[in-house]
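Asker: Below: one structure in C-alpha cells.
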Amino acid sequence: MTISRRGFITGAVVGSLGLAGAARAGSGVHLFEGHPGRKGLLHDTTLCVGCRSCEFACNEVNKLPVPKAPINDKAIFSARRGINDKLYTVVNKYAEGGGRRPPVYRKHQCMHCNEPCCASVCFVKAFVKTPEGPVLYDPDLCVGCRYCLFACPYYALAYEYNEPLAPKVVRCTMCYPRIKEGKNPACADACPTGAIVYGKRGDLVRMARDRIRKFPGRYFDHIFGEHEYGGTSWLTVSGLAPGRLDLPENIVHEPLPNLTTGFLTLAPLVTAIIPGLLAGFYAFTKRRDHLHEEALRRELARFARERADEVEKALSAARAQAARDLERAVERGRRTGRLEAVREAAEAAKPEPPKEGGAR
Amino acid sequence: MNGHAPVTPADRGPLLSPFNVAAGLLLAIGGLVVLLRFYFGLAFATNLTHATTWGLWTGFKLVFVALAASGYALTTAVYIFGMHEYHPLVRPAVLSGFMGYSLFILILIFDLGRAYRLPYPFIIQPGVTSALFEIALCVGLYYTTQFLELTPVGFEWVKWRRWRKAAVAATVGFTIFGLMLSMLHQATLGALFLTVPEKVYPLWYSPYVPLHFFMSSCVGGIAMCVMLGLACKKIWGERFAISDEKLDELTIGLGKAGAIATLVYFLVKVVDVALHNYWHYLASPLGLWYLVEILGFVLLPTLLYAYGYRERRPGLIRFTAGMAILGVILNRLNISIVAFNYKLPLAERYFPSWMEYVVVIFLITLGVTIYRGVVKRFAILYDHPDYEAHH
C-alpha cells in the first residue's frame, strides 16, 4: 500500500482526507508484528522480594528525588501506591505471605505497548514506538491535553500537575538513553534477585513459557503482556492471576487504538456524503416551497378572476337597472310635466362607481 | 413574522441591578481562581489525579458542546427543512451555540497544560489517528462557521449592506457545513471514550457511544431552543419579535421535535443494553444510577414532551426541556466522572475540588452575561428594521 504524492498533499490540505489516510495506515497494522529484535523486560513476581531497589535505581537514573520510605521499609505496602511524576515505577504488595508462600509483589510502570494507545490518541504525535522497544515522548510537542493519561489502560503515565505553564507527561522510558549506550535499564541492573530480566522480547516470552512449563505449581499459566491489547514490552509472570495483581484481565488481543480508528474512518465518509445529502434536502425544501408558492399564486389569480367576473356582472346589472330607472323617470316626468322631477330622478339613478380597493 | 419590532436604544438599566451585582461577584471570584490555576498549576486548583486526568472541567466541555447544539438544530430546521416559522429563534439559538463553544474553548485553555500550543496539531505535526485531532479540527472550523453565521448581525450594526448581503447569501452553505461538522465532532467527543473500554462502567461504554453523543446533542439542542425562547420572552419580552401566543406555538412545535429526539435517543440506549446483554448490570448501585438517568431524564421527558404537545401545554414543554437539559448534563458527567474509573477504590477516585466548581460557575455566568450584553445591543431578537427579513 503506497500513498501517492498527490494523495499525500491532498491529505495534508484537507484534514478529513488526512484522517482517511490515517485510517488506512491504522487498518494496516494487523500485518505488522512489531519491530524484530525489539527489547523488553520480564518481571517474575515469584522472584520479587519487594525490596524496591528498582524504585531507587529508577529515581536515581531519572534524576528524581530519592523515595522517602527507606529501602526494605515494608510499612509502605500497607496502602496501594500508583506511579506519579516523582515515581515512574512502583512496587506494590498483592498477597500476604503465609506458610511456605512468600508475599507477592509486582512492579508497575509504563508497559511500552507494541501498539501504544498513548501514541495513537496523541493529536500531535508526541509519542513514538521506537524499533528498540521503548515508547518515547517528546515534551517539545506536547500540548498538555492528557488524552494519553486518560487512554492508557495501565495507568502508567503521570503528569506534572504542579507545573503551571509548562507541564510534561512523565513516565518510564525503559531507560532509552542507557539502552542506546548498550546498558541495561537501571531497574534490571538494580534487581538483586533477578526478578527483572532485560532482553529481546521474543526471548523473554520463550523464557517465561519455559518457566511456566517447568514449574506449573509456581505459576499461573499466563504471560501478562504477551497478547494484551496487542502485547507489551514489559511482561509479567506470577503465581496469581493478572486480575489479582491489579492488571486488566480477560482483555482482547486486539490493539486498543483499533477501537477508535474504526470509528474515525467514518469521518471522511461523512464529509463525502452529508453535504450532498443536505443539499438534496435543501433542494427538496426549496422545490416544495416553490411549488407551494406557485399553487398559491394560481389560486389567487383564479380567485381574482372570479371576483372580477362577479363585479363585472353586478356592474352591468346595475347599469341596466339605472337605464331602466332613468327611462321610467323620464316617462313619469313627461306624464306629470315637471322637468325638475325628471332631473332629480336622473340624478338618483346614476350608477355608483365601483369602490376603490375592491377585487381587481 | 413582523419586521417592525422597535429598535429601542440599548437601555442598560441600573448598573447595580441584582443580576449585575451577583454576576460581578461570581466573575470576580472565578477570575481569581483562574489566575491561581495559572500561577500555581492544576495541582492547586483541581483534584485531578494521574489516574483520573480529566475531571469536572472536561465533563463540562462535553456539556457545553452538547448544549451548543441549539445552533445547528435550529439552522437545519429553518434553512434546510424550510420550517420558516422558527426563524425568530435562529439568531438566539446560534448566538447561544457560539457562546457554548466559546465557553468550551475557555475551559479548554484553563485545562490544557500548554494552551499556547493549541495550533501545534495543525502547524507542527498532526496526529490524525487521534479523535482529539478531529475534534480540534471540527470545533475550530465550526466555531469559525458560527462566527460567520453571526456576522450579518455585526454588519447590520455597522450598516455594511453589501457585506451583510454576501453573508446572508451564504446562510445555507454555512448551515450545511455546520451540520456536517457538528455531526462529526459531537459524535467524536463520544469517541474519546472508545479507547477506555476497561475504565467506563459497561452501561455507559459502548462501541456506539459516538452515536449516543450525537443523539443526545440533538436532545440538548432542541431543549436549549425551548429554554432560549423562554428566556427571551421573560427577560426581553418587549424586544422579542414574536408575540407570546406565537412563541407558545413554536414551543409546542419544539416539544414535538423534542419528543421525537428523546424517544430516538432512548431507543438507541435501550438497544445498546440489549445488544450487549447488559441487563444484569442494572442491578447495581451504578446500574440504578443509570436507570435514574435513562428513565428519569430521557424516557420521562419523552412522555412529558409528547403529552405537552398533545395537550398544547407550552409550560409543561418548558419544564420538560429543563429536564432534558439536566439529562444531557447528567449523561456527560456520568460517563466522564461517575462511571469513569469505577474499578478504582473510593479513596483513589476523583472528586472535584471547590475551585473546579467555581470555575464552571464562573464560565456559565460569563456566558450568560455576554449573551445578555449582545442581545441588548444587537438585532438578535428581531429583524433589523433597515433590512428585509433575512430568510
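So the protein sequences, as listed, match chains A and B.
For the first sequence, the working numbering assigns the number 1 to the initial residue and increments by one for each residue that follows.
For the second sequence, the working numbering assigns the number 361 to the initial residue and increments by one for each residue that follows.
Even glycine gets a Cβ: it sits at the ideal position worked out from N, Cα and C.
Return the residues of the segment 473-507 of chain B that lie within a Cβ-Cβ distance of less than 7 Å from chain A, sorted by chain order.
Answerer: Taking 7 Å as the Cβ-Cβ cut-off against chain A, the residues of the segment 473-507 of chain B that qualify are Gly473, Arg474, Arg477, Leu478, Tyr480, Pro481, Ile484, Gln485, Pro486, Gly487, Val488, Thr489, Ser490, Ala491, Leu492, Phe493, Glu494, Ala496, Leu497.
Asker: Using a 10 Å radius around the Cβ and a threshold of 16 neighbouring Cβ atoms, would you call Glu516/B buried or exposed?
Answerer: Classification for Glu516/B: buried.
Asker: For Tyr219/A, I'd like the list of residues in its chain whose CB is within less than 8 Å of its CB, leaving aside the five on either flank, ordered along the chain.
Answerer: If we look at Tyr219/A and ignore the five residues flanking it on each side, its Cβ neighbours are Thr46, Arg211, Ile212, Val237, Ser238, Gly239.
Asker: For Arg52/A versus Val91/A, is the C-beta distance shorter than 8 Å?
Answerer: In this structure, Val91/A lies closer than 8 Å to Arg52/A by Cβ.
Asker: Beta-carbon within less than 8 Å of Leu390/A's beta-carbon, same chain only, minus the 5 sequence neighbours each way: which residues are those?
Answerer: Chain A is shown only over 1 to 360; residue 390/A falls outside these bounds and no answer can be derived.
Asker: What's the gap between the Cα of Val719/B and the Cα of Val394/B?
Answerer: Answer to the nearest angstrom: the Cα atoms are 7 Å apart.
Asker: Closest Cβ-Cβ distance between Phe400/B and chain A: below 8 Å?
Answerer: Yes - at least one Cβ of chain A is within 8 Å of the one on Phe400/B.
Asker: In this structure, how does DSSP classify Thr531/B when only helix, strand and coil are distinguished?
Answerer: Thr531/B falls in the helix class under three-state DSSP.
Asker: Measuring alpha carbon to alpha carbon, tell me which of Phe722/B, Thr611/B, Glu558/B ends up nearest Leu387/B.
Answerer: Nearest option by C-alpha distance: Phe722/B.
Asker: Grab me the residues of Arg81/A's own chain with a C-beta within less than 7 Å of its C-beta, minus the 5 sequence neighbours each way, in chain order.
Answerer: Closer than 7 Å at the Cβ level, and outside the excluded window around Arg81/A, lie Val90, Asn92.
Asker: In angstroms with no decimal places, state the Cα-to-Cα distance between Val49/A and Pro67/A.
Answerer: Whole-angstrom Cα-Cα distance: 18 Å.
Asker: Assuming Asp85/A and Tyr154/A form a contact by the criterion Cβ under 8 Å, report the distance between their Cβ atoms to the nearest whole angstrom.
Answerer: 16 Å between Cβ atoms; not a contact.
Asker: Could you check what DSSP says for Gly98/A in three-state terms: helix, strand or coil?
Answerer: Three-state DSSP puts Gly98/A in a strand.
Asker: Is Ile374/A close to chain B, meaning its C-beta is less than 8 Å from at least one C-beta of that chain?
Answerer: The requested residue 374/A is not part of the displayed model; chain A covers only 1 to 360.
Asker: Counting along the chain, where does the beta strand (DSSP E) carrying Arg106/A start and finish?
Answerer: 104-108 is the span of the beta strand (DSSP E), which, as asked, contains Arg106/A.
Asker: Could you tell me the distance, in whole angstroms, from the CA atom of Tyr742/B to the CA atom of Gly538/B?
Answerer: Spanning the two alpha carbons is a distance of roughly 23 Å.
Asker: Quick check: the Cα distance between Pro452/B and Phe458/B, rounded to an integer number of angstroms?
Answerer: So the two alpha carbons sit approximately 10 Å from each other.
Asker: Cα-Cα, which of Ser377/B, Leu375/B, Gly384/B, Pro378/B is closest to Thr725/B?
Answerer: Among Ser377/B, Leu375/B, Gly384/B, Pro378/B, the Cα nearest to that of Thr725/B belongs to Gly384/B.
Asker: Taking 8 Å as the cut-off, decide whether the C-beta atoms of Gln506/B and Val454/B are in contact.
Answerer: In this structure, Val454/B lies closer than 8 Å to Gln506/B by Cβ.
Asker: If you draw a straight line from the C-alpha of Thr611/B to the C-alpha of Val586/B, how long is it?
Answerer: Rounded to the nearest angstrom, the two C-alpha atoms are 6 Å apart.
Asker: Starting from Trp414/B, find everything on chain A with Cβ-Cβ shorter than 7 Å and list it in chain order.
Answerer: Those are Arg146, Phe150, listed as they occur along chain A.
Asker: Here's the rule I'm using: 16 or more other beta-carbon atoms within 10 Å means buried, otherwise exposed. How should Arg692/B be labelled?
Answerer: Classification for Arg692/B: buried.
Asker: Could you compute how far the alpha carbon of His572/B sits from the alpha carbon of Val688/B?
Answerer: If I take the Cα positions, the gap works out to 11 Å.
Asker: Going along chain B, which residues have a C-beta under 9 Å from Asp289/A?
Answerer: What Asp289/A touches in chain B: Gly442, His444.
Asker: Quick one: list the residues of chain B neighbouring Glu163/A, beta-carbon separation under 8 Å, in chain order.
Answerer: What Glu163/A touches in chain B: Gly401, Gly473.
Asker: Would you mind sorting Pro745/B into buried or exposed? The rule is 16 or more other CB atoms within 10 Å of its CB.
Answerer: Burial call: exposed.
Asker: Against chain B, does Tyr282/A count as a neighbour if the rule is that its beta carbon must be under 8 Å from one of theirs?
Answerer: Yes, its Cβ sits closer than 8 Å to a Cβ of chain B.
Asker: Using the beta-carbon of each residue, which ones in chain A are nearer than 7 Å to Glu716/B?
Answerer: Those within 7 Å of Glu716/B in chain A number zero; the least Cβ separation is about 13 Å.
Asker: Between Glu605/B and chain A, is the shortest Cβ-Cβ distance under 8 Å, so that the two count as touching?
Answerer: Answer no: the Cβ-Cβ gap between Glu605/B and chain A never drops below 8 Å.
Asker: What did DSSP end up calling Tyr747/B once you bin it into helix, strand or coil?
Answerer: DSSP places Tyr747/B in coil when its eight states are reduced to three.
Asker: Secondary structure at His43/A, three-state DSSP: helix, strand or coil?
Answerer: Note: His43/A maps to strand in three-state DSSP.
Asker: Is the beta carbon of Gly473/B less than 8 Å from the beta carbon of Pro116/A?
Answerer: No, the pair does not count as a contact, with Cβ atoms beyond the cut-off.
Asker: Flag this pair as yes or no: are the beta carbons of Pro275/A and Met540/B separated by less than 8 Å?
Answerer: Contact flag set, yes.
Asker: Count the other C-beta atoms from every protein chain shown that fall within 10 angstroms of the C-beta of Asn701/B, then say buried if there are 16 or more, exposed otherwise.
Answerer: Per the 10 Å Cβ criterion, buried.
Asker: So within the segment 370-448 of chain B, which uninterrupted alpha helix (DSSP H) runs reach at least 4 residues, ignoring any that extend past its ends?
Answerer: You should have 378-400, 402-405, 416-427, 430-435.
Asker: For Cys113/A, list the residues DSSP reports as bridge partners.
Answerer: Answer is Thr232/A, bridged to Cys113/A.
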